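Q: Once you know that position 25 of the sequence shown is 25 in the UniProt record's numbering, the rest is easy, because the numbers rise by one and skip nothing.
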Amino acid sequence: MLGSLLLAASRNALARRVVSGLPPTRRVVDRFVAGESASDAVATVERLAASGLTVTIDHLGEEIRDAEAAALTAKAYVTVLDALAPLGLGRRAEVSVKLSAVGQALDETMALEHARRICAAAQDCGTTVTLDMEDHTTVDSTLSILRALRADFPDTGVAIQAYLFRSEEDCRDLAGSRVRLVKGAYREPASVAHQSKTDVDRAYVRCLRILMAGTGYPMVGTHDDRLIAITEMLADRYGRGQDSYEYQMLYGIRTDKQEALAGAGATVRVYVPYGDDWYGYFMRRLAERPANVAFFLRSLRGK
Ligand code: FDA
């Protein structure tokens, strides 16, 4: 219930103004967001790389309203990739892109061209791009842009949301690719998505099995211990070495687990968001866990 309210608020303009205007919010946001500038993001990559972690960088922003904002997002990605290249950090960091931030809702061809530019900059930096997945109305468009990108940049990856009924089929289609499997973070209707946690977790396992049995590179995007244990079991069953799949977790969430897995030889990639448009991302993190709301409220009371 609270989660649904927060997800509704994540797309509400008035709630955005109120929450963004609360002075202590920034302190709480800092737990989940690496900073505002490209240099903040690069410094975070350096710090995480020193602890044996890899990174995917997300320039915050989604659902942009005009072509100028879409071009600025693409430019921001090129800037951060250009900053990583001379430091040799292309081996440690890739980027994650929300197509809505490069104009998907305005003009799909424009979004494809911006995404192509980002993929080219990533290739020059020696790294890759993964497309985030947004609400269910964008999935067909995102997968069609992915197919177009993969013609030139075959390592381009995509996130698939286990809560959608269609995702097992999508996993089968993509079983030879880089796929980040996540539970799904948007409020979706019962006509397209599982609603209960148990059903979502079961669907996750079904998708995971397809990906781990396939020939691609599964990216297991979860903080859930049970799913991590099942991944290890499936890796054994399908004879996958630790370099043939990876775990992905969000910046600021279960840092101890990230380090423990990396210490045990797993590849662990931390999703590092940066930028000033943090509202939607932040609200989805609150929605995932009531304890985060308590933490947020305590900070508003100055404790
Ligand atoms: P679950 O929510 O069951 O959490 C398991 C445990 O993890 C919790 O008990 C708690 O300990 C910890 N935890 C989880 N979320 C937390 C939080 N916010 N704060 C503190 N602790 C928390 N979604 C999407 O729709 N499109 C996308 O492209 C992506 N991309 C993406 C990338 C990466 C790297 C990750 C890890 C996740 C995403 N997501 C996403 C978000 C995803 O869909 C999902 O909402 C979250 O990962 C939470 O689900 P878990 O699998 O962690 O399980």
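Every residue gets a Cβ at the ideal spot worked out from N, C-alpha and C, and that includes glycine. Since the model is a prediction, treat every value here as computed from it, not as a measurement.
Between the stretch 61-74 and the stretch 99-109, are three or more C-beta pairs nearer than 8 Å?
A: In short, these stretches touch, since the Cβ pair count reaches three.
Q: Should V182 be listed as close to the ligand FDA, given that the test is whether its C-beta is under 7 Å from any heavy atom?
A: As a position in the sequence shown, residue 182 is number 182, starting the count at 1. Because some heavy atom of the ligand FDA lies under 7 Å away, the Cβ of V182 counts as near it: yes.
Q: My understanding is that R180 touches A159, with C-beta atoms under 8 Å, so please give their C-beta distance in whole angstroms.
A: If you number the sequence shown from 1, residue 180 lands on position 180. If you number the sequence shown from 1, residue 159 lands on position 159. Their Cβ separation, rounded to whole angstroms, is 4 Å, which keeps R180 and A159 in contact under 8 Å.
Q: Alpha carbon to alpha carbon, how far is F32 from L60?
A: The sequence position of residue 32 within the sequence shown is 32, counting from 1. The sequence position of residue 60 within the sequence shown is 60, counting from 1. When rounded, the distance between both Cα atoms is 12 Å.
Q: Can you round the beta-carbon distance between G88 and T130 to whole angstroms, since I take them to be within the 8 Å contact cut?
A: For this step, residue 88 is matched to residue 88 along the sequence shown. For this step, residue 130 is matched to residue 130 along the sequence shown. Not quite, the Cβ-Cβ distance comes to about 21 Å (not below 8 Å), so this is no contact.
Q: Say the cut is 7 Å; is the CB of L234 nearer than that to a heavy atom of the ligand FDA?
A: Taking the first residue of the sequence shown as position 1, residue 234 is located at position 234. Checking the Cβ of L234 against the ligand FDA gives no.
Q: Using 10 angstroms around the beta-carbon of F100, count the other beta-carbons present and answer buried if the total reaches 16, otherwise exposed.
A: Taking the first residue of the sequence shown as 1, we reach residue 100 at position 100. Strictly speaking, residue 100 in this sequence is Ser, with Phe absent from that position. That one is buried.
Q: For E188, verify whether its CB is less than 7 Å away from any heavy atom of the ligand FDA.
A: Indexing the sequence shown from 1 puts residue 188 at position 188. It does not: the Cβ of E188 is nowhere closer than 7 Å to a heavy atom of the ligand FDA.
Q: Hey, out of D124, T128, L261, V97, whose CA is closest to H114's CA?
A: The residue you call residue 114 lines up with position 114 of the sequence shown. It is V97.
Q: Please indicate yes or no: does the CB of G221 lie closer than 7 Å to some heavy atom of the ligand FDA?
A: The residue you call residue 221 lines up with position 221 of the sequence shown. Yes, the beta carbon of G221 sits closer than 7 Å to at least one heavy atom of the ligand FDA.
Q: I'd like the list of long-range same chain contacts for K303, defined as Cβ closer than 6 Å, with 5 residues on each side in sequence excluded.
A: Counted from its first residue, the sequence shown places residue 303 at position 303. Any answer about K303 is weak, because its pLDDT of 47 lies below 50 and its placement is not dependable; what the coordinates show is given next. Excluding residues within five positions, none has a Cβ falling inside 6 Å.
Q: For the alpha helix (DSSP H) that contains G221, what are its first and last residues?
A: One-based indexing of the sequence shown puts residue 221 at position 221. Where G221 is concerned, there is no enclosing alpha helix (DSSP H), although the beta strand (DSSP E) it sits in stretches over 217-221.
Q: What is the DSSP secondary structure of M233, counted as helix, strand or coil?
A: By one-based count along the sequence shown, residue 233 stands at place 233. Three-state result, M233: helix.
Q: May I ask you to report which of helix, strand or coil DSSP gives D124?
A: The count along the sequence shown starts at 1 and reaches residue 124 at position 124. Looking at D124 - three-state DSSP - the assignment turns out to be helix.
Q: Identify, in the order they occur along the chain, each residue of the same chain with its Cβ nearer than 8 Å to the Cβ of D225, setting aside the five sequence neighbours on each side.
A: To locate residue 225, count along the sequence shown from 1; it is residue 225. K257, listed in sequence order.
Q: On the three-pair Cβ rule with 8 Å, is the stretch 46-53 touching the stretch 249-265?
A: Enough Cβ pairs lie closer than 8 Å, so yes.
Q: Answer yes or no: the CB of I118 versus the heavy atoms of the ligand FDA, is any distance below 7 Å?
A: Along the sequence shown, one-based indexing puts residue 118 at 118. False, no ligand heavy atom lies under 7 Å from that Cβ.
Q: Mapping DSSP to helix, strand and coil, what is R180?
A: Locating residue 180 in the sequence shown gives position 180, counting from the first residue. It is a strand residue.
Q: E246 and V268: beta carbons closer than 8 Å?
A: Within the sequence shown, numbered from 1, the residue matching residue 246 stands at position 246. Within the sequence shown, numbered from 1, the residue matching residue 268 stands at position 268. Yes, Cβ-Cβ distance for E246 and V268 is below 8 Å.
Q: Note down the Cα distance separating M249 from Y238, rounded to an integer number of angstroms.
A: The sequence position of residue 249 within the sequence shown is 249, counting from 1. The sequence position of residue 238 within the sequence shown is 238, counting from 1. So the two alpha carbons sit approximately 23 Å from each other.
Q: Which residue's Cα is closest to the Cα of E169: A190, T198, L211, A34?
A: Position 169 of the sequence shown holds residue 169. When only C-alpha atoms are compared, the closest one is L211.
Q: Given that a residue counts as buried once 16 or more other Cβ atoms are within 10 Å of its Cβ, and exposed if not, what is S10?
A: The sequence position of residue 10 within the sequence shown is 10, counting from 1. By the neighbour-count rule (16 or more Cβ atoms within 10 Å), S10 is buried.
Q: Does the distance from the CB of L208 to the CB of I230 come in under 8 Å?
A: Reading the sequence shown from its first residue, position 208 is the one you call residue 208. Reading the sequence shown from its first residue, position 230 is the one you call residue 230. Against a cut-off of 8 Å, the Cβ pair of I230 and L208 comes out as a contact.
Q: Indicate the three-state DSSP secondary structure (helix, strand or coil) for I253 in the structure shown.
A: Working through the sequence shown from its first residue, we reach residue 253 at position 253. Note: I253 maps to coil in three-state DSSP.
Q: Between E36 and Y274, which are expected to be in contact by the criterion C-beta below 8 Å, what is the C-beta distance as a whole number of angstroms?
A: In the sequence shown, counting from the first residue as 1, residue 36 sits at position 36. In the sequence shown, counting from the first residue as 1, residue 274 sits at position 274. Contact flag correct, Cβ pair sits at about 7 Å.
Q: In chain order, what are the residue ranges of uninterrupted alpha helix (DSSP H) at least 4 long that sit wholly in the stretch 23-56?
A: With a minimum length of 4 residues, the continuous alpha helix (DSSP H) runs that stay inside the stretch 23-56 are 25-32, 38-50.
Q: If you compare alpha carbons, which of A148, S191, L7 is closest to P134?
A: Within the sequence shown, residue 134 is the residue found at index 134, counting from 1. Note that residue 134 is Glu in the sequence shown, not Pro. Nearest of A148, S191, L7 to E134, Cα basis: L7.
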